[in-house]
Amino acid sequence: KKYREVDEAQFVKKLRLFVLFRTLQVLGAYGFRGYFEKKPHFIQSIPFALNNLQDLLKDGFDEYPYLSGILNEMVNLKQFADTQKRELEVRLFSFAYKKGIPNDTSGNGGGYVFDCRAINNPGKYERYNNVTGLDEPVIQFLEEDGEMLEFLDHIYPLVDSHVKRYKDRGFTDLMISFGCTGGQHRSVYAAQKTAEHISKKFGIKVSLVHREQNIEQVFR
6 KKYREVDEAQ
16 FVKKLRLFVL
26 FRTLQVLGAY
36 GFRGYFEKKP
46 HFIQSIPFAL
56 NNLQDLLKDG
66 FDEYPYLSGI
76 LNEMVNLKQF
86 ADTQKRELEV
96 RLFSFAYKKG
106 IPNDTSGNGG
116 GYVFDCRAIN
126 NPGKYERYNN
136 VTGLDEPVIQ
146 FLEEDGEMLE
156 FLDHIYPLVD
166 SHVKRYKDRG
176 FTDLMISFGC
186 TGGQHRSVYA
196 AQKTAEHISK
206 KFGIKVSLVH
216 REQNIEQVFR
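Taking the numbering used here, the leading residue of the sequence shown gets 6, the next gets one more, and so forth.
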């Protein structure tokens with residue numbers, strides 16, 4: 006015979022697997038070119054590939070339950086939700102410089118990074134070793150010293166102007182990071198106070214991560 010007979014049901018079944026495989030290849034390429042090669046267009050394309058994946062998952066892949074579970078988690082990743090329906094969210098981080106600046110998962114390539122290391126450091130004193138910028142002894146030290154308050158007095162107007170501009174232009178993400186030597190005292194205080202300031206002034210969603218302290222907060 007010139008042509009081979011094919012079972013239509015089996016062909017359709019196998020074709021779905023081929024389409025799934027190609028979709029995962031595309032997602033892998035977008036992730037690599039976007040996150041590792043820092044090309045925003047590829048990150049911006051991820052939601053469209055996830056929409057294709059979601060369509061494939063409507064009929065399920067019951068023969069691969071573990072894979073199906075992972076794929077369903079992928080299509081529900083909040084950072085790739087429909088940005089047309091989202092309002093501005095400001096994300097703040099405190100971090101230790103020696104562990105690197107926080108990665109921006111939004112695909113925008115990062116945001117503000119403020120260096121707190123020039124400010125008088127309570128970490129020089131043993132009595133502050135086991136407390137952070139969220140604790141009263143450190144708060145009192147930084148506020149009585151005054152350098153931190155002067156630092157934030159310069160930052161608030163800059164941040165405020167960008168929050169207003171981002172809201173006016175319909176942007177959905179603004180990232181602000183504060184770093185210090187250990188990510189324990191100065192950067193924690195600065196990020197916390199800035200998050201509270203933005204939340205109180207603008208009434209928008211503010212997420213806060215004290216990375217080295219494993220603390221996360223959301224202000225609404």
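The beta carbon of each residue, even a glycine, is placed where N, CA and C say it ideally should be.
| message | Are the CB atoms of residue 215 and residue 133 within a distance shorter than 8 Å? | response | Translated into positions along the sequence shown, residue 133 becomes position 128. Translated into positions along the sequence shown, residue 215 becomes position 210. No, these two residues do not count as a Cβ contact at 8 Å.
query = Quick one: Cα of residue 67 to Cα of residue 25, how far?
reply = Within the sequence shown, residue 67 is the residue found at index 62, counting from 1. Within the sequence shown, residue 25 is the residue found at index 20, counting from 1. Each residue's alpha carbon lies about 14 Å from the other.
Within the segment 57 to 107, note down every full alpha helix (DSSP H) run reaching 4 residues or more, in order along the chain.
Taken in chain order, the complete alpha helix (DSSP H) segments of 4 residues or longer contained in the segment 57 to 107 are 70 to 80.
Measure the alpha-carbon distance for residue 20 versus residue 76 and round it to whole angstroms.
To locate residue 20, count along the sequence shown from 1; it is residue 15. To locate residue 76, count along the sequence shown from 1; it is residue 71. When rounded, the distance between both Cα atoms is 18 Å.
Original post:
Got a sec? Which residues, its chain only, sit under 8 Å from residue 122 by beta carbon, not counting five neighbours each side?
Top reply: Indexing the sequence shown from 1 puts residue 122 at position 117. 102, 184, 185, 186 and 191, listed in sequence order.
Worksheet item: Can you tell which of 198, 179 and 167 has its C-alpha closest to the C-alpha of residue 114?
Response: For this step, residue 114 is matched to residue 109 along the sequence shown. Measuring C-alpha to C-alpha distances from residue 114 to each of 198, 179 and 167 identifies 179 as the nearest.
CA-CA distance, residue 201 and residue 38?
As a working note, residue 201 is residue 196 in the sequence shown. As a working note, residue 38 is residue 33 in the sequence shown. Going from the Cα of residue 201 to the Cα of residue 38 covers about 36 Å.
Same chain, Cβ closer than 8 Å to residue 62, five either side skipped, listed in chain order: Along the sequence shown, read from residue 1 onward, the residue named residue 62 stands at position 57. In chain order, 73, 76, 77 and 80 place their CB closer than 8 Å to the CB of residue 62, counting only its own chain and leaving out the 5 sequence neighbours on each side.
Restricting to Cα atoms, I'd like to know which of 29, 126 and 58 is closest to residue 143.
Translated into the one-based positions of the sequence shown, residue 143 becomes position 138. Out of 29, 126 and 58, 126 has the C-alpha closest to the C-alpha of residue 143.
Margin query: Given this structure, state the Cα-to-Cα distance separating residue 210 from residue 137, to the nearest angstrom.
Written below: Residue 210 sits at position 205 when you count from the first residue of the sequence shown. Residue 137 sits at position 132 when you count from the first residue of the sequence shown. Approximately 24 Å, taken between the alpha carbons.
Between residue 11 and residue 23, what straight-line distance do the alpha-carbon atoms span, to the nearest angstrom? In the sequence shown, residue 11 corresponds to position 6, counting from 1. In the sequence shown, residue 23 corresponds to position 18, counting from 1. Rounded to whole angstroms, residue 11 and residue 23 show a C-alpha spacing of 16 Å.
* To do: State the start and end residues of the unbroken alpha helix (DSSP H) segment that holds residue 166.
  => Locating residue 166 in the sequence shown gives position 161, where the first residue counts as 1. Judged by DSSP secondary structure, residue 166 falls within the alpha helix (DSSP H) whose first and last residues are 152 to 173.
So residue 28 and residue 57 are supposed to be a Cβ contact under 8 Å. How far apart are they, rounded?
Within the sequence shown, the letter at position 23 stands for residue 28. Within the sequence shown, the letter at position 52 stands for residue 57. With a Cβ gap of about 5 Å, residue 28 and residue 57 count as contacting.
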